[in-house]
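Just below is one structure, and these are the notes that go with it.
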Amino acid sequence: MRYAILADIHGNFDAFQSVLQDIDDRGGVDELWCLGDIVGYGPEPSDCLALLREHPHICVAGNHDWAAIGKIDATDFNPDAAAACKWTAGQLTIADKEYLQSLPRTATCGKFTLAHGSPRDPLNEYIFSALSAAGNFRSFGTDYCLVGHTHVPAVFTDSEGHCLKASMPTVLHLGGVRSIINPGGVGQPRDGDPRAGYAIYDDVERVIYSYRIPYDITAVQEKMRERGLPVYLSERLSEGL
Ligand code: ZN
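Residue numbers (the numbering used here): 2 to 242.
So, in structure tokens, the structure goes:
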């Protein structure tokens with residue numbers, strides 16, 4: 002079986018569509034694994050939810066997903082994120098809200114635990130460093146954990162009590178070493194590469210393939226301008242920051 006690993010779509014329908022097209026071009030997958038933050042920041046939150054739900058998928062909740070429906074507090078959001086969250090809340094249908102409400106905090110898929118931020122604090126914690134990753138290996142029972150939230154692709158491995166951080170390779174062989182893996186962000190990458198990031202897991206090869214996909218950033222920026230979303234949120238898309 003093959004699974005696409007998607008994180009942080011963030012209402013960016015163009016990026017999401019380009020990623021789904023790329024998945025099709027590579028022979029398709031059996032299921033999408035979505036690591037949360039489907040909405041927030043981007044101009045088409047409801048369309049992204051509809052497109053996700055057209056596919057067989059498993060999805061966990063992100064902080065923006067639950068902030069948009071008032072299930073968690075958005076008071077720690079910066080002003081731009083808070084403004085986008087408020088706008089997003091006004092775009093969601095009743096069905097969208099029910100769907101977001103129903104998302105679990107974590108999910109288990111075979112050898113993988115899925116969480117938005119981290120397994121010990123799924124909605125809030127950012128795993129940027131080996132130190133923060135190290136504190137999380139006891140918080141999941143599977144071999145591997147998939148996270149998003151930072152929008153930065155990375156691999157953290159737990160070897161004999163030492164946690165090592167590495168950049169996400171294009172081909173990651175899963176050799177049994179416990180790992181926390183971040184595929185990068187679909188809708189708002191923050192590693193300096195503005196192309197949409199995602200990954201495909203092949204459970205026969207036991208390999209995760211990492212991809213970066215160009216999409217029409219200018220079209221998304223134009224939609225954000227039309228909707229009055231904060232200028233910085235639009236500008237950062239072309240920087241990948
Ligand atoms: Zn996010």
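Even glycine gets a Cβ: it sits at the ideal position worked out from N, Cα and C. These numbers come from a predicted model, not from an experiment.
Check                                                                                                                                                           : Outcome
Whole-angstrom Cβ separation of residue 124 and residue 62, contact assumed at under 8 Å?                                                                       : 7 Å
What three-state label does DSSP hand residue 125 in the structure shown?                                                                                       : coil
Is it a yes or a no for the region 161-171 touching the region 17-32, going by three-plus beta-carbon pairs under 8 Å?                                          : no
What whole-angstrom Cβ distance do residue 136 and residue 38 have, given they're in contact under 8 Å?                                                         : So it is not a contact: roughly 22 Å between Cβ atoms.
Starting from the N-terminal side, write out each stretch of the alpha helix (DSSP H) that is 4 residues or longer and does not extend beyond the region 39-65. : 46-54
What is the DSSP secondary structure of residue 75, reduced to helix, strand or coil?                                                                           : coil
Hey, quick one: how far does the beta strand (DSSP E) through residue 173 stretch, first residue to last?                                                       : 172-174
Is it the case that the CB of residue 185 approaches a heavy atom of the ligand ZN more closely than 7 Å?                                                       : no
Quick check on the DSSP output: what are the complete beta strand (DSSP E) runs of length 3 or more inside the region 66-121, in order along the chain?         : 107-110 and 113-116
State buried or exposed for residue 19, treating a residue as buried only when at least 16 other CB atoms are found within 10 Å of its CB.                      : buried
Starting from residue 240, trace the alpha helix (DSSP H) both ways and give me its first and last residue.                                                     : 232-240
Starting from residue 32 and walking both ways along the beta strand (DSSP E), at which residues does that stretch end?                                         : 32-35
Closer than 7 Å between the C-beta and any heavy atom of the ligand ZN: which residues qualify, listed along the chain?                                         : 9, 11, 38, 41, 63, 65, 149, 150, 152, 186 and 189
State buried or exposed for residue 189, treating a residue as buried only when at least 16 other CB atoms are found within 10 Å of its CB.                     : buried
If the criterion is Cβ atoms closer than 8 Å, does the pair residue 232 and residue 43 meet it?                                                                 : no
Since residue 89 contacts residue 108 with CB under 8 Å, what's their CB separation in whole angstroms?                                                         : Going by Cβ atoms, the distance from residue 89 to residue 108 rounds to 23 Å, so no, they are not a contact pair.
Can you tell me whether residue 16 is buried or exposed? The criterion is at least 16 other CB atoms within 10 Å of its CB, across all chains shown.            : buried
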